[in-house]
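The block underneath contains the structure these notes are about, expressed in structure tokens.
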Ligand code: SF4
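Residue numbers (this note's numbering): 39 to 218.
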């Protein structure tokens with residue numbers, strides 16, 4: 039049976055038009071200012087050691103799997119093409135909803151592209167546990183809402199307001215926001 043979602047076509051067009059990928063969906067779930075910065079190509083990772091260390095750990099823990107070679111525009115960590123499962127690696131189990139939105143985004147895009155239902159699994163490296171992310175109506179609604187917020191943020195010409203949140207302690211933009 040063909041996989042169906044009311045917003046599939048509009049979602050796909052929006053993603054294509056704005057050049058969105060998984061991290062946009064993670065960022066917008068965490069903090070709209072962070073998502074705005076990312077959408078507008080403002081990135082302080084090069085001078086922020088914590089991010090560089092994180093990237094190095096991620097790369098050395100799990101080199102990019104060959105299963106994702108040739109995937110244009112999507113960057114999940116691993117794909118099981120036979121079982122139709124997409125995996126995304128995360129260092130810790132924190133910010134689960136944001137991480138799961140990223141993983142679900144890949145599964146939704148593959149489901150739209152192939153017309154078949156894909157499964158999404160977040161793999162937590164620190165605990166070696168896997169968390170299945172169901173593409174249920176709530177998750178689909180969350181992704182749809184996130185895409186609407188991203189479209190609005192892409193149109194916004196000034197930095198959106200932000201409040202200090204727990205994430206600020208480890209965010210590469212904390213210096214800019216004055217929340218470090
Ligand atoms: S420092 Fe905090 S408010 Fe600023 S972008 Fe990061 S998470 Fe958002």
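Built from N, CA and C at the ideal position, the CB exists for glycine as well.
Cross-strand partners of residue i (DSSP beta bridge)
| i | result |
| --- | --- |
| residue 168 | 161 |
| residue 117 | 124 |
C-beta contact flag for residue i and residue j at 8 Å
| i | j | result |
| --- | --- | --- |
| residue 169 | residue 70 | no |
| residue 141 | residue 162 | no |
| residue 178 | residue 41 | no |
| residue 62 | residue 73 | yes |
Host alpha helix (DSSP H) of residue i (start-end)
| i | result |
| --- | --- |
| residue 74 | 70 to 77 |
| residue 206 | Element bounds for residue 206: n/a, residue is neither H nor E. |
| residue 213 | 212 to 215 |
| residue 55 | 46 to 56 |
| residue 81 | Looking at the DSSP string, residue 81 is not in any alpha helix (DSSP H), and its letter there is neither H nor E. |
| residue 176 | 175 to 193 |
| residue 147 | 134 to 152 |
Below-8 Å beta-carbon distance, residue i vs any chain C residue
| i | result |
| --- | --- |
| residue 209 | Of the protein chains in the structure, only one exists, and it is not chain C. |
Integer Cβ distance of residue i from residue j, believed to fall under 8 Å
| i | j | result |
| --- | --- | --- |
| residue 123 | residue 159 | 6 Å |
| residue 10 | residue 211 | What is shown of the chain runs 39 to 218, which leaves residue 10 out entirely. |
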